[in-house]
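Reviewing the structure listed below.
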Amino acid sequence: MTPLSPLGRQIEALLFLSPEPLPMEALRELTGAREAALADALEALAARHEEGGLEVAEVGGGFALRTRPETAEACDRLRARPPEERLSPAALETLAVVAYLEPVTRPEIGRLRGVAADAAVAGLVERGLLEEAGRATGGAVQYRTSLAFQQRFGLRGAEDLPPLERFELSGPEAEELRRRLAEAGHMAEAPGAVAEPADGA
Amino acid sequence: MTPLSPLGRQIEALLFLSPEPLPMEALRELTGAREAALADALEALAARHEEGGLEVAEVGGGFALRTRPETAEACDRLRARPPEERLSPAALETLAVVAYLEPVTRPEIGRLRGVAADAAVAGLVERGLLEEAGRATGGAVQYRTSLAFQQRFGLRGAEDLPPLERFELSGPEAEELRRRLAEAGHMAEAPGAVAEPADGA
Amino acid sequence: MSVEPLRQPLSLDVFEGSLDLLVTLLLREEVDLFELALAELVGAALGESALDRFDAATASELVVLLAALAELKSRRLLGEAEDEEPDPDAVEARERLAERLVAGAPYRRAAAWLAERAAACAGHRYRRLALAPAAAPAPPQGEPRALAEAMDRLLRARPAPSLAHLTPRRVSLPALVLRLRSALRQGRQLSFDALVDGVDRLEEAMMLLAALEVARRGEVRLEQAVPFGDIAIIPVGAPT
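Protein chains in written order, with the numbering used here: chain V, 95 to 295; chain W, 95 to 295; chain R, 979 to 1218.
Quick look at the structure:
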């Protein structure tokens, strides 16, 4: 097997990273090479991947690197592997805030936790444990727990949540807490305010 | 060069698909092969990728396929993202503190650095280089370095960090520092005291 | 690999935070803390092109240090007697500071080691594509009217904005200007839509400001073929 040309290496890296097949036109733009040179390099790349675990395929109007069929079994096992099962402490805290106060916005969660909740909320939405529940008056997206959350925690509904020892969070009291959270947004020195950076450090 | 063994092909396909580095243990589970055979196949796979656009790397606690540096420019064009931003000195120093002391809270980082670490930490969390790691006894959120951190700095894990003692000031250096500090005069209020970390979150 | 940030000349590249600068100064024989002009120090630490590589976190640490140094200098200028009995409080404070400087020094050197590492690993890109999920279940009966209603809600005017939902600002204009410039370094025309793909509305708006700022400085020109269409950011001198 011959070493790849610099152009071939670029193409290999591009096909490796691209989530979608790359049309010839895109490869031309990305590498600055001509179509004839690209075609040669693609051919060399395909030859290089013969008898490997990957193959170059022309599919969906472009070129893609993909796994060979004979590796399908191992790949399926990888896909079937349960994703990280454990909830991180940040995720658990975020879930708790939403479960007790839903519907609730991200800034409200952040205020209660003392740190921004963006990543935790996004992760929980992706895992299907939280879902959007309309918008608050100000326009911020609100979140609530999902059916999957109830199944996973064996709850029939919010009324099954264990009561909190020191706080009463049902009915008007919960309303009151939410109102205070919302108002905290107006106050410059809200006690739990998230200390946010002035810019990316 | 010899074609890859069936095991080598499986590994190549797995490393290609997995969004995270795969530890030896995971490879064992997914392929059913023994560690010795896996090590041989990994070596053959690495050799096969020499002089290509990709390489096999041991990073972040497992094995991964990644692009070679010479393709970086084309890759960044593909992602239509500017190249990774340089880390500021403040960010690097914060990363160093967390890497050696994790899990560690913002006030602890601030105490070591002599300035509040809120902005630096929040920026690093947003860039995915730090992540939350539960709360300390007092309730402050603790932080640790992430997989993206290990990938960015090419570390297999904490064991790849040089021992901290290597960076300590030598006896004479510390003495010299004290002497110069004394020469600097009467410091009823030490400069470092001005920058006490502000948050107790 | 030898990492000796403390021995390098003073410039932004070695400025490793307020305490480190202090350590640097203290360990450098040739610098007398009291002969050092503060203005020179600012110049040395931030460099002439401070505006181009403005880093708020580092700069704010510098401000803190400058305040402390200014205080030191003023005490000295007031002329406390050299042979005066040292104030025990001052001695203690000095020892505490020394301890902190010594305790923090390894991390500042470790940061320099990390910086070298990052430079060595800068070129690698990881695939990080989520595994194709198990086949998504077919949606339960779709209700076309629900689509129309959802669209209708989105198009209808929003209620008056309230400050309650404001998320804290996490992007800065200088940082975005920097990002834009580094993207432009390739000398190619950029698509505004591609630049802001996947970012939230606030960052998108900030990026637009950044593009306008860079255009104002004459580094690029902006072209928009159709109203509401993509904006092309074209480096000055690049072929159209």
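By construction, the Cβ of each residue, glycine as well, lies at the ideal position given by its N, Cα and C atoms.
These numbers were taken from a predicted model, which means no experiment stands behind them.
If you follow the beta strand (DSSP E) that residue i is part of, which residue opens it and which one closes it?
i                  : result
Thr58 of chain W   : Only positions 95 to 295 of chain W appear in this structure, which leaves residue 58 of chain W out of reach.
Gln236 of chain W  : 235-239
Pro1213 of chain R : 1209-1213
Ala158 of chain W  : 156-161
Glu262 of chain W  : Here Glu262 of chain W belongs to no beta strand (DSSP E), and DSSP marks it neither H nor E.
Glu298 of chain W  : In this structure chain W extends from 95 to 295, so residue 298 of chain W is not present and cannot be described.
From what residue to what residue does the alpha helix (DSSP H) around residue i run?
i                  : result
Tyr194 of chain W  : 183-195
Ala227 of chain V  : Where Ala227 of chain V is concerned, there is no enclosing alpha helix (DSSP H), although the beta strand (DSSP E) it sits in stretches over 224-229.
Val215 of chain V  : 212-220
Val1224 of chain R : Because chain R is modelled from 979 through 1218, residue 1224 of chain R falls outside the range shown and cannot be assessed.
Val1192 of chain R : 1179-1194
Gln104 of chain W  : 100-111
Glu202 of chain W  : 200-207
Glu119 of chain W  : 118-125
When burial is assigned at 16 or more other CB atoms within 10 Å of the CB, is residue i buried or exposed?
i                  : result
Leu116 of chain V  : buried
Pro97 of chain W   : exposed
Ser240 of chain V  : buried
Gly232 of chain W  : exposed
Val235 of chain W  : buried
Val1214 of chain R : exposed
Val1204 of chain R : exposed
Pro201 of chain W  : buried
Phe247 of chain W  : buried
Asp1163 of chain R : Here residue 1163 of chain R turns out to be Arg, not Asp, going by the sequence shown. By the neighbour-count rule (16 or more Cβ atoms within 10 Å), Arg1163 of chain R is not buried but exposed.
Pro257 of chain W  : exposed
Ala1089 of chain R : buried
Leu172 of chain V  : buried
Glu226 of chain W  : buried
Pro183 of chain W  : buried
Ala1098 of chain R : exposed
Leu1173 of chain R : buried
Arg175 of chain V  : exposed
Arg1195 of chain R : exposed
Phe110 of chain W  : buried
Leu181 of chain W  : buried
Leu1190 of chain R : exposed
At a CB-CB cut-off below 7 Å, which residues of chain R make contact with residue i?
i                 : result
Phe110 of chain V : Arg1105
Pro113 of chain V : Leu1107
Arg122 of chain W : Simply none; closest approach about 19 Å.
Could you tell me which chain R residues have their CB closer than 9 Å to the CB of residue i, listed as they occur along the chain?
i                 : result
Arg171 of chain W : Gln1164, Arg1166
Listing by chain order, which chain W residues have their CB less than 7 Å from the CB of residue i?
i                  : result
Pro1084 of chain R : Leu258, Phe261, Glu262
Ala1081 of chain R : Leu206
Pro97 of chain V   : Glu145
Arg1095 of chain R : Phe247, Gly248
Leu148 of chain V  : Glu106, Ala107, Phe110
Asp1208 of chain R : What Asp1208 of chain R touches in chain W: nothing, since even the nearest Cβ is about 12 Å away.
Whose C-beta lies closer than 8 Å to the C-beta of residue i among residues of the same chain, with five residues either side of it excluded?
i                 : result
Ala140 of chain W : Glu149, Val150
Ser112 of chain V : Ala158
Thr125 of chain V : Leu101, Gln104, Ile105, Leu108, Leu132
Gly251 of chain W : Gly154, Gly155, Gln244
Glu129 of chain V : Met118, Arg122
Ser99 of chain W  : Ala135, Ala138
CB-CB under 6 Å to residue i, same chain, minus the five flanking residues each way: which ones, in chain order?
i                  : result
Leu121 of chain W  : Leu132
Gly228 of chain V  : Gln236
Leu1158 of chain R : Ala1188, Val1192
Pro266 of chain W  : none
For residue i, which residues in the same chain have their Cβ closer than 7 Å to its Cβ, ignoring the five residues on either side in sequence?
i                  : result
Gly147 of chain W  : Thr161, Arg162, Thr165
Glu179 of chain W  : none
Pro1111 of chain R : Below a pLDDT of 50, predicted positions are generally treated as unreliable, and Pro1111 of chain R, at 48, falls in that range; the measurement from the model is reported next regardless. Taken in chain order, the list of residues that qualify is empty.
Leu1029 of chain R : Bear in mind that the predicted position of Leu1029 of chain R carries a pLDDT of just 45, short of 50, making it unreliable; the figure below should be weighed with that in mind. Answer for Leu1029 of chain R: no residue qualifies.
Leu1168 of chain R : Ala1161, Leu1162, Ile1211
Glu187 of chain W  : Arg207
Val1198 of chain R : Leu1162, Val1192, Ile1211, Ile1212, Pro1213, Val1214
My understanding is that residue i touches residue j, with C-beta atoms under 8 Å, so please give their C-beta distance in whole angstroms.
i                  : j                  : result
Ala185 of chain W  : Gly217 of chain W  : 6 Å
Phe1170 of chain R : Ile1211 of chain R : 6 Å
Leu249 of chain W  : Leu255 of chain W  : 7 Å
Val215 of chain V  : Leu224 of chain V  : 6 Å
Phe261 of chain W  : Pro1084 of chain R : 4 Å
Leu1079 of chain R : Leu271 of chain W  : 6 Å
Closer than 7 Å to a non-hydrogen atom of the ligand SAM - does that hold for the CB of residue i?
i                  : result
Arg1179 of chain R : With respect to small molecules bound, the structure shown includes none, and the ligand SAM cannot be examined in it.
Which residues in chain R sit within 8 Å of residue i, going by Cβ to Cβ distance?
i                 : result
Ala158 of chain W : Tyr1104
Arg162 of chain W : Gly1101, His1102
In chain W, which residues lie with their C-beta within 8 Å of the C-beta of residue i?
i                 : result
Arg142 of chain V : Gly146
Applying a beta-carbon distance threshold of less than 9 Å, which residues of chain W neighbour residue i?
i                 : result
Thr188 of chain V : Simply none; closest approach about 10 Å.
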